[in-house]
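Q: Sequential numbering of the sequence shown, starting at 40, is according to the numbering used here.
Using N, Cα and C, we set each Cβ at its ideal position, and we do this for glycine too.
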Amino acid sequence: MKHLAGSFLIATLCLTIAKGQSQPTPGAALQRPATSLLGAPLFPPVLPKGQKEKLLQHYLAAKADYDTDPANPDYIIWFGRRAAYLWRYRKAIEIFSKGIEAHPNDPRLYRHRGHRYVTVREFGKAIEDLRKAAELTSVRADEIEPDGQPNAKNIPTGTLKSNIWYHLGLAYYLQGDFTRALDAYRECMKYSTNDDMLCATADWLSMTLRRLDRTEEAADILAKIHENMNIIENFSYHKRLLMYKGILPVDSLLNPGGMNDLDIATQGYGVANWYFYNGKNERARDLFRRITEGSYWAAFGYIAAEAELARTRRKQ
């Protein structure tokens with residue numbers, strides 16, 4: 040009977056996700072996890088069948104662990120993370136919130152809830168959570184954070200502290216508070232001890248410095264970047280940085296024939312920023328708009344493009 044129940048739940052969840060569109064469907068208001076910074080409703084995209092089934096299986100396994108021991112913080116975290124991978128961000132926030140009630144001094148719960156508050160565009164709540172996580176880890180040793188979606192070598196590249204400060208910097212950046220973003224990314228750099236995290240942090244740090252017109256300091260950050268770095272997963276950030284240095288041509292990052300919405304959001308935001316820094320504002324805005332026409336609205340580049348367009352709209 041357990042097997043049948045599990046199969047029924049998988050089928051039900053598959054149907055629920057299959058109905059999730061970038062356009063409203065009947066009853067979609069109940070499914071909408073977020074509203075864009077431009078006021079548009081955001082809905083879960085339709086996931087490829089194989090990917091969807093794998094994510095559902097992982098979600099159900101995490102839920103089963105949680106159901107056996109709902110007070111276990113590790114089970115809470117994985118249940119929430121697996122919900123988020125299915126684009127069920129409000130569910131993830133709910134799970135992490137219940138976990139925080141039971142474990143108010145576990146920084147991991149604040150770190151993960153803060154991340155998902157960023158995803159749903161609630162930056163103030165994200166900052167509050169991530170600052171709390173930073174406070175709780177201030178007297179603790181750093182620790183490797185396991186990946187929910189492992190890279191090709193199954194080697195985690197992030198740590199708890201690097202992820203806390205990385206997402207805190209991002210939340211400030213998305214608010215347009217570049218001074219506080221700079222402080223957070225400088226702190227994050229202390230824990231970015233491998234080439235993957237170095238590239239991810241350096242990318243946002245250099246962009247933050249450019250927003251503050253601190254061009255020479257941004258160039259100093261880029262000096263650490265070279266073509267032969269040991270990159271396992273953050274290839275997009277590495278390419279963006281090489282493009283900022285002039286090693287890769289700008290057009291090489293945008294290949295219209297071989298890019299999905301995630302590629303466009305990630306690479307496109309870096310290219311749009313390059314246009315912005317170099318006084319090509321209209322080309323930058325066109326690319327920001329192109330990014331927000333895609334479906335991968337959980338990507339940081341997508342959210343950042345929204346923030347750019349929203350700031351422009353407020354100035355008009």
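May I have the straight-line CA-CA distance separating Y156 from E226, to the nearest angstrom?
A: Taking the straight line joining both Cα atoms gives about 21 Å.
Q: Using 9 Å as the threshold, is the C-beta distance between R219 and D242 below it?
A: Going by C-beta atoms, R219 is not nearer than 9 Å to D242.
Q: Buried or exposed: Q306, going by 16 or more other Cβ atoms within 10 Å of its Cβ?
A: When all chains shown are included, Q306 counts as buried.
Q: Alpha carbon to alpha carbon, how far is A73 from G215?
A: If I take the Cα positions, the gap works out to 20 Å.
Q: Is the number of C-beta pairs between the stretch 136-152 and the stretch 86-104 that are closer than 8 Å three or more?
A: Taking 8 Å as the limit for Cβ pairs, the verdict is that the stretch 86-104 does not touch the stretch 136-152.
Q: Since Q90 is in the alpha helix (DSSP H), which residue starts that stretch and which ends it?
A: First-last of the alpha helix (DSSP H) with Q90: K88 to T107.
Q: Classify S231: buried if its beta carbon has 16 or more other beta carbons within 10 angstroms, exposed otherwise.
A: So S231 counts as buried.
Q: Going by C-alpha distance, which of N144, D145 and Y149 is nearest I132?
A: Ranking N144, D145 and Y149 by Cα distance to I132 puts Y149 first.
Q: So does the stretch 165-174 actually touch the stretch 193-211, counting three or more Cβ pairs closer than 8 Å?
A: With a cut-off of 8 Å, the stretch 193-211 and the stretch 165-174 count as touching, because enough Cβ pairs lie within range.
Q: Can you tell me where the alpha helix (DSSP H) holding E345 begins and where it ends?
A: It spans F339 to K354 - the alpha helix (DSSP H) in which E345 sits, taken as one unbroken run.
Q: Which residue's Cα is closest to the Cα of Y335: H151, G119 and T158?
A: Minimum Cα distance to Y335 is reached at T158.
Q: Out of A323, P195 and L94, point me to the one whose CA is closest to T351's CA.
A: For T351, the nearest C-alpha among the options comes from A323.
Q: Could you check the C-alpha separation between P84 and D108 for me, to the nearest Å?
A: If you take the alpha carbons of P84 and D108, they lie about 32 Å apart.
Q: Using three-state DSSP, classify T198 as helix, strand or coil.
A: Strand, per DSSP.
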